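Trainee: Sharing a structure with you now.
Residue numbers (my numbering): 170 to 718.
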């Protein structure tokens, strides 16, 4: 899980350009007029979190992955439709081109022959092998080795060929070595002699192969970058980049309003109308794989009864929540498969808002309505809590909405919110979510690949502390289907499998997805080429950005 918590077939984009500023300057390509606030050779980007490291072997923050787009490359990267596209690799391995072996256990990549590190040293297959060994090195404080631990070995038969041998077929392996945390390639010639990478100068002053080179890092304030003259795709169109760290999101909007920033991405929904009112700013949105959802703790009475969970879903006015709280932005889908990305079954819809049906289900489950408006079963009241991260206003508004609705149904619902560090702490550290101490929880998961593999989230074998199935819902058929889904690269076969999982999830409702949150980016109207990305980073194509009208 990240802190901003098949083929991809679709994306949603909506843009609006605000006009009214007439003061223009020059300096764009061909002498095109630009607004006076635009500096054609420098793009200024606002971030509300500062990376803790610039080493992708160790990085855990989503904002670290954003910075890696400037400095490093992976074998693959993601485009604005969330599809894997070649990066250092010349093409993606497939069964048709022989890049995936017949037994599904070997993936072969051919590297771009002109790729170089920013110090001029050639980037070769040995660097990919070295990166994997660093990811698997137990002395390194790597936060996740998921997927990389399924690799038996990596071979480098020549300087530009990488052969990955898996223990067994594993389709998500196609998304390993992406240009993000735990994936971007690091230089062997710089790091090879170090016992570990935890506290080395490289982590603050890296040598990479990406489109830009770090020039300075003023901690707590900004990073400055210059174009990498050795970038294998050619120099980026904008010579300089400034990343400004502004921890207060309202201050970021103020700086955008003053045109001290050209880009602010990951705009929150409550800020949208304020940002939309800034002249000279374009709003771009895309569907994403960040799903905000209710997780029902199926190990806790009364939520261990499917009829109770289903009743709560029937008494949840999804249309009202989507319109009033999500501003009708994002993608409605009730399970964690977004239909915009090829794997979701678009025929599966939210349950209709039907309080009488909800009451009928509770009556059938033995929960009788008393004169005081509260339901009881065997003298025990229908009572449970709902929890989220304290201070997240959007989710707190949903909690109040649900508390009122479920109270009218006859349930005594208590709001119990916690700091993020408490809610998401590991089971052994007293975490509420992973420790199974919540009843209904409201939070966001974020996929880091477009693969439908959902073992970590809902497998019957992935209860904490081993996995992230915080619903504690155990369904052996789901486990069997998940194993079958990971045993083949055949997309049509996998689609049938994962759509069966979706049918089980909507029938049993251990989870109920409220919205696939939109990725919202605000940018200077003079800046062209910004294309929000639903999985990885909005900076994925920063080398192609340019200023012109």
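Yeah, the Cβ is synthetic: ideal placement off N, Cα and C, and Gly gets one too. Bear in mind the structure is a predicted one, so any value in this text is a computation, not a measurement.
1. Assuming residue 218 contacts residue 232 under a Cβ cut-off of 8 angstroms, what Cβ separation, rounded to an integer in Å, is found between them?
2. Can you say whether residue 118 is buried or exposed, counting buried as having 16 or more other CB atoms within 10 angstroms of its CB?
3. In this structure, how does DSSP classify residue 508 when only helix, strand and coil are distinguished?
4. Quick check: the region 630-649 against the region 570-588, are at least 3 beta-carbon pairs closer than 8 angstroms?
5. Please classify residue 250 as buried or exposed, where buried requires at least 16 other C-beta atoms within 10 Å of its C-beta.
6. How would you call residue 264, buried or exposed, if buried means at least 16 neighbouring beta carbons within 10 angstroms?
7. Can you give me the C-alpha to C-alpha distance between residue 458 and residue 387, rounded to a whole angstrom?
8. Can you grab the Cα-Cα spacing for the pair residue 280 / residue 371, in whole Å?
9. Taking only the alpha-carbon atoms, compute the straight-line gap between residue 313 and residue 351 and give it to the nearest angstrom.
10. Please work out which residues of its chain come closer than 6 angstroms, Cβ to Cβ, to residue 689, disregarding the five sequence neighbours upstream and downstream, and give them in chain order.
11. Do we get a CB-CB distance below 7 angstroms when we pair residue 315 with the residues of chain D?
12. Can you check which of these residues, 581, 692 and 490, is closest to residue 685 by C-alpha distance?
13. Can you give me the Cβ contacts of residue 358 inside the same chain, cut-off strictly under 7 angstroms, excluding the 5 residues immediately before and after it?
14. Go through its chain and collect everything with a Cβ distance to residue 461's Cβ below 6 angstroms, but skip five positions before and after it.
15. Give, in chain order, every unbroken run of the alpha helix (DSSP H) that is at least 4 residues long and sits entirely within the region 407-459.
16. Whole-angstrom Cβ separation of residue 618 and residue 341, contact assumed at under 8 angstroms?
17. Using three-state DSSP, classify residue 248 as helix, strand or coil.
18. Of all the options 208, 678, 675 and 654, which has the alpha carbon lying nearest to the alpha carbon of residue 407?
19. So who's on the other strand from residue 278, going by DSSP bridges?
20. Just how far apart, CA to CA, sit residue 565 and residue 593?
21. Quick check: what's the CA-CA separation for residue 415 versus residue 421?
22. Tell me where the alpha helix (DSSP H) around residue 600 begins and ends.
23. Would you mind giving the Cβ-Cβ distance between residue 452 and residue 445, rounded to the nearest angstrom? I have them listed as a contact below 8 angstroms.
24. Taking a contact to mean a Cβ-Cβ separation below 7 angstroms, would you say residue 262 touches residue 269 in this structure?
25. State whether the region 666-676 contacts the region 512-527, with contact taken as three or more CB pairs (one from each stretch) at a distance under 8 angstroms.
26. Which residue from 315, 367, 252 and 480 puts its Cα closest to that of residue 308?
27. Do residue 347 and residue 243 have their CB atoms nearer than 7 angstroms?
28. Which first and last residues belong to the alpha helix (DSSP H) in which residue 661 is found?
29. Regarding residue 521 and the ligand NAP, is the C-beta to nearest heavy atom distance less than 6 angstroms?
30. Mind the definition here: the region 653-663 touches the region 327-342 only if three or more C-beta pairs lie below 8 angstroms; say whether that holds.
31. In the DSSP assignment, find the beta strand (DSSP E) that holds residue 544 and state where it starts and stops.
32. Taking the alpha-carbon positions, what's the residue 695 to residue 204 distance?
33. Anyone know if the C-beta pair for residue 651 and residue 624 falls short of 7 angstroms?
34. For residue 292 and residue 712, I'd like the C-alpha separation in whole angstroms.
35. Going straight from the alpha carbon of residue 246 to that of residue 463, what length do you get?
36. Going by the CB atoms, is the gap between residue 550 and residue 353 shorter than 7 angstroms?
Mentor: Answer, in terms of the structure:
1. 4 angstroms
2. For the chain, the structure presents residues 170 to 718; residue 118 sits outside this window and is missing.
3. helix
4. no
5. buried
6. exposed
7. 33 angstroms
8. 24 angstroms
9. 7 angstroms
10. 436 and 454
11. Absent from the structure is chain D; it holds one protein chain and no more.
12. 490
13. 290
14. 613, 683, 684 and 686
15. 418-426 and 441-445
16. 6 angstroms
17. coil
18. 208
19. 331
20. 17 angstroms
21. 6 angstroms
22. Residue 600 -> no alpha helix (DSSP H), and no H or E assigned at all.
23. 6 angstroms
24. yes
25. yes
26. 367
27. yes
28. 660-677
29. Of the ligands one can find in the structure shown there are none, so the ligand NAP has no counterpart to examine.
30. yes
31. 544-546
32. 7 angstroms
33. yes
34. 19 angstroms
35. 31 angstroms
36. no
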